[in-house]
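A.B. asks:
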Amino acid sequence: MCSRDSRVRRYGGRRAATSGRRVVDELDAALARTLDAQVAGAAASHQRLLATLDCRAPSLLAGWSRAHLLSHIARNAESHVRMFQAATRGEVSEQYPGGKPTRNREIDKGSTKSAEQLVVDVRTSIYLLEAAWAAATETTWLGHGIKSHSDNAHVPIYELVLMRWCETEVHHADLDLGFTWRDWNPLFVRYDLDRRLMAWRARKPMGLTVLPDAITQLEPNLRLAWFYGRHTVDGVPAPDPY
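According to my numbering, the sequence shown holds residues 1 to 242 in order.
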């Protein structure tokens with residue numbers, strides 16, 4: 001189990017939530033407000049995760065222990081720091097240099113650490129990421145990164161915060177520590193449902209972009225759980241892996 005310490009106050013919460021305001025000269029006010037909300041929400045999600053860490057047991061993801069998941073969460077944070085720092089320099093960085101093989105090796109290597117080392121690993125990576133959010137400039141937010149697991153697609157830096165929030169909320173539930181999809185932050189669910197629906201429609205043929213009635217009738221948290229393959233509905237094919 002983990003508790004907060006002074007570094008959380010230094011890097012998290014209010015300081016992290018100011019980063020979106022640096023973009024007002026170049027990004028419209030609505031997007032700046034969205035970034036503020038997403039940075040604050042992702043930082044709060046980090047703290048909920050840090051308060052419940054327990055490393056040595058199976059997770060809800062087939063083939064992965066909690067140690068694998070925690071290593072993934074830490075490596076994901078480091079990969080976002082890499083893209084943020086490159087964007088600040090006016091450069092474009094791949095999330096994981098070397099692509100998926102590098103990502104998988106780093107996750108496997110991290111999963112062999114002791115429970116105490118894993119907790120420090122996750123905690124430190126979160127502090128570094130929130131510091132990168134707080135230090136982001138207009139140049140940073142207007143930059144791009146390269147997503148290693150999305151066919152090397154370029155992604156706007158300002159979209160990374162919601163992606164990170166997703167990693168934290170969804171995988172927190174995957175850890176099987178009592179936190180479930182029912183506990184996902186409603187604001188996160190609202191933002192991410194829009195994102196998942198757009199991605200789902202983009203993969204469908206013209207005229208087949210309407211969600212099945214059985215899915216639209218689900219409560220929002222459960223609908224998002226279905227999008228991520230964490231819930232099944234009889235008679236409805238599972239969505240494509242995200």
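All C-beta atoms, glycine included, are put in the ideal place defined by N, C-alpha and C.
#1: Less than 7 Å between the C-beta atoms of Thr-140 and Ile-157, yes or no?
#2: Report yes or no: do three or more beta-carbon pairs, one from the region 113-120 and one from the region 27-37, lie closer than 8 Å?
#3: Is the Cβ-Cβ distance between Ser-254 and Leu-177 less than 7 Å?
#4: So who's on the other strand from Val-122, going by DSSP bridges?
#5: Thinking C-beta only, is Glu-106 closer than 7 Å to Arg-75?
#6: From the beta carbon of Gly-229, is the nearest beta carbon of chain B less than 7 Å away?
#7: Kindly give me the distance between the Cβ atoms of Ala-42 and Trp-184, rounded to whole angstroms, as I take these residues to be in contact under 8 Å.
#8: Between the beta-carbon of Val-155 and the beta-carbon of Gly-143, is there less than 7 Å?
#9: Can you round the beta-carbon distance between Ser-148 and Glu-94 to whole angstroms, since I take them to be within the 8 Å contact cut?
#10: Between Phe-73 and Thr-168, which are expected to be in contact by the criterion C-beta below 8 Å, what is the C-beta distance as a whole number of angstroms?
#11: Grab the span of the beta strand (DSSP E) containing Val-189 for me, first residue to last.
#12: Taking contact to mean 3 or more Cβ pairs, one atom from each stretch, closer than 8 Å, check whether the region 33-40 and the region 87-104 are in contact.
#13: So if DSSP puts His-154 in a beta bridge, which residue, or which two residues, is it bridged to?
C.D. replies: Taking the structure as given:
#1: Annotated as proximal: Thr-140 and Ile-157, with beta-carbon spacing under 7 Å.
#2: Fewer than three pairs of CB atoms, one per stretch, sit closer than 8 Å, so the region 113-120 makes no contact with the region 27-37.
#3: Since the displayed the chain opens at 1 and closes at 242, residue 254 lies outside it and no answer follows.
#4: Looking at the DSSP assignment, Val-122 forms no beta bridge with any residue, so it has no partner.
#5: Yes; because the gap between Cβ atoms is below 7 Å, this pair is in contact.
#6: Among the protein chains of the structure shown there is no chain B, as only one such chain exists.
#7: 13 Å between Cβ atoms; not a contact.
#8: No, the Cβ-Cβ distance between Val-155 and Gly-143 is not below 7 Å.
#9: At roughly 6 Å, the Cβ-Cβ gap stays under 8 Å, so Ser-148 and Glu-94 are in contact.
#10: Here residue 73 turns out to be Ile, not Phe, going by the sequence shown. About 7 Å; that satisfies the 8 Å criterion.
#11: Per DSSP, Val-189 belongs to no beta strand (DSSP E); it is in the alpha helix (DSSP H), 186-202.
#12: When Cβ pairs closer than 8 Å are counted between the two stretches, the region 33-40 is seen not to touch the region 87-104, the count staying below three.
#13: BP columns for His-154 point to Ile-146.
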